[in-house]
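Residue numbers (this note's numbering): 287 to 1047.
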């Protein structure tokens, strides 16, 4: 054992007694400094606050049945005028002050059988007494109890190895008497109590070693499951470590003193008494009792993200000590989670107070990727673990990420208390307005949600695609071809949800739908924003939506340049107190497919009457909005001369088709038959059709929007793929020969003709 661990200062806990007869049953401090206690506490209880997910390690046990044990005393007393002292030699002395019990009051003392004595994780109850004074439940002035003990049970050098406790029926756990006085010479434990229940002397059950610092007594066991993590595994040994105490314990001692000094430096009131800290194996990283002691896990772990153990230990020490500090500002019922959420939310700011320059903070680990598990409920409606830790994300935003002056974590911790969440909201709202010139808690909450949704900082939403197992804050909107759906639900105060719009998985159309978003109702306290969600989850702002606004965009099943695969509408109720109900309509247009079968002549002029046989056929599948169709055609001639005339066939489509696409287009040009081409003439002109030569297509890929111009030979042009109706064009060239027959003398020349097929609106 290191010598410096023996240099204990006065080893006592912050002296606090339970006064059940004071107004509202408040715990009354015995120190000179008055406590600001805001919440009523009808019965003092051992309340634990944890660092890390999970429940308290304190355990609960049913109380032993009445008279299940040995009756040590069963008599009547009269303390109406004089103080009565009742003694069971060598075991217990009870001092009943004058006026505490009328004549004829029955005093009964029972020692419960061992099987009915509830267990405790830190201490072993010894000499348990069930004391009753008739039907009396509260005493003012309090009773004085002295329990004797065997000196062999206090031979350890460990401070505070002996004490007194009472069994809390409501909590189902033992609660210590912090002001108990241990007289090692008289071998007694003396304390006062203003109520009667099962009383016990206790001794530390497993701790073998201790270390003393300026403000803390740290207890641990040297071997076994409860021993601190080994130095080799812990792997952190600063140069200032000395002696043989485990590195884990030496760091913990330093981190606790660091937390103590930091809280004092920020103006937080810290109790003046010494603080006991117990290191043992536990599910959580730590827990703190309002009765003056801390419990730290013997091998802390990262909450959601693996962290170096020494860094997690520093955060845990700050978190648990912050709960100890909070004891000055708040008091609550054992089961009053309406305030416990606030204590845990603010405790996540502790490591920022202690070390504001560190690379990560506890609140990030608790809140990142967790906000959309809880933001559909009111921010302060979080009566469960881990929701109360996640609520600290908003406080972290205020303390480190809001635009403008940042909030002070210490000042935030001083807010709240009184009579529940509404007061906490009001107090925080007032602080933001007064100290930060903020518009208030509502607009700040709005900014926090937008910040987290857009992924602008270390606290982000998961924001996955809607699925059968959607996030609680999701409003999944799955639309099939031509469907309309409305999102309408009540939003509690300070809450948010995301309407996530995607196509039904069965709607595999090759082009994007038109999506119309109509904000039918957006209450004044609410904000609505539309975003496109890119592959990979990156969001792109589209527009803000007030009541009556509309937005038209495109929606498709798979990624492509035209249209979005998902559109979100982020809805935020920034009212501090009231619920609100928005109504947003999502309308998806209907797409159709039409088989193309155009077969028309191009123009008859190029070959006189024989040219009527020069035709063009357009085939493929047309995709477009509802009603998409070919509405007609127009024949034109660009050049009326016979040198290089161009003949066109303009295929007319309606607007629903013009924005659509053609899949696998095919254009075939036909030529005049030999029977009608005057190639057998013996006098005058002899016209001969020779052949189609080459051609070229102009195609705009409907997916990539890239242009291509493939060439072809002969009279047929085909393409495999999906191409925009707009810009579709096919050109072909053909040769013919003209011969003038004049009395045996001939004169001939070739002519080239151009043919064009295209679409137009």
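The beta carbon of each residue, even a glycine, is placed where N, CA and C say it ideally should be.
Residue burial classification, residue i (beta-carbon count within 10 angstroms, cutoff 16)
i, result
"residue 716", "exposed"
"residue 444", "buried"
"residue 411", "buried"
"residue 976", "exposed"
"residue 378", "buried"
"residue 827", "exposed"
"residue 302", "Note that residue 302 has pLDDT 29, beneath the 50 cutoff, so the model's placement of it is unreliable and the number below is only indicative. Buried, by the Cβ-count rule."
"residue 1047", "exposed"
"residue 648", "buried"
"residue 700", "buried"
"residue 798", "buried"
"residue 980", "exposed"
"residue 367", "exposed"
"residue 811", "buried"
"residue 523", "exposed"
"residue 770", "exposed"
"residue 1055", "Only positions 287 to 1047 of the chain appear in this structure, which leaves residue 1055 out of reach."
Per-residue DSSP class, three states only, for residue i
i, result
"residue 492", "coil"
"residue 638", "helix"
"residue 550", "helix"
"residue 424", "strand"
"residue 351", "Interpretation of residue 351 is limited by its pLDDT of 49, a score under 50 that renders its predicted location unreliable; the figure taken from the coordinates is listed afterwards. Residue 351: coil per DSSP, three-state reduction."
"residue 645", "coil"
"residue 794", "coil"
"residue 1041", "strand"
"residue 523", "coil"
"residue 862", "coil"
"residue 627", "helix"
"residue 612", "helix"
"residue 663", "coil"
"residue 677", "coil"
"residue 808", "coil"
"residue 1047", "coil"
"residue 732", "helix"
"residue 933", "strand"
"residue 657", "helix"
"residue 701", "coil"
Rounded separation between residue i and residue j - CA only
i, j, result
"residue 837", "residue 1016", "37 Å"
"residue 882", "residue 756", "42 Å"
"residue 861", "residue 467", "52 Å"
"residue 721", "residue 382", "52 Å"
"residue 642", "residue 681", "15 Å"
"residue 578", "residue 560", "9 Å"
"residue 667", "residue 695", "21 Å"
"residue 843", "residue 934", "37 Å"
"residue 597", "residue 603", "10 Å"
"residue 904", "residue 958", "18 Å"
"residue 361", "residue 459", "29 Å"
"residue 848", "residue 857", "26 Å"
"residue 564", "residue 651", "25 Å"
"residue 1021", "residue 822", "55 Å"
"residue 423", "residue 435", "27 Å"
Counterpart residues of residue i in DSSP-defined beta bridges
i, result
"residue 434", "474"
"residue 365", "387"
"residue 840", "800"
"residue 398", "355"
"residue 583", "566"
"residue 461", "452"
"residue 481", "424"
"residue 737", "Answer is none; residue 737 lacks a bridge partner."
"residue 983", "1016"
"residue 416", "396 and 484"
"residue 909", "879 and 947"
"residue 813", "858"
"residue 498", "503"
Contact test: residue i Cβ vs the ligand ATP heavy atom, cutoff 6 Å
i, result
"residue 977", "No copy of the ligand ATP occurs in the structure displayed, which carries no ligand at all."
(message) Contact between the segment 968 to 975 and the segment 1003 to 1015 is defined here as three or more beta-carbon pairs at a separation below 8 Å; is this criterion met?
(response) no
(request) Specify whether the segment 731 to 746 and the segment 762 to 771 touch according to this definition: at least 3 beta carbon pairs, one from each stretch, less than 8 Å apart. (result) no
(request) Taking 8 Å as the threshold, find out whether the segment 393 to 406 comes into contact with the segment 495 to 503 through three or more Cβ pairs. (result) no
(request) Say whether the segment 480 to 488 touches the segment 512 to 524, bearing in mind that this needs 3 or more beta-carbon pairs closer than 8 Å, one atom from each stretch. (result) no
(message) I'd like to know if the segment 904 to 920 and the segment 866 to 874 are in contact, where contact means that at least 3 CB-CB pairs between them fall below 8 Å.
(response) no
(request) Take every Cβ of the segment 992 to 1005, pair it with every Cβ of the segment 937 to 953, and state whether three or more of those distances are shorter than 8 Å. (result) Flag = yes, the segment 992 to 1005 and the segment 937 to 953 touch.
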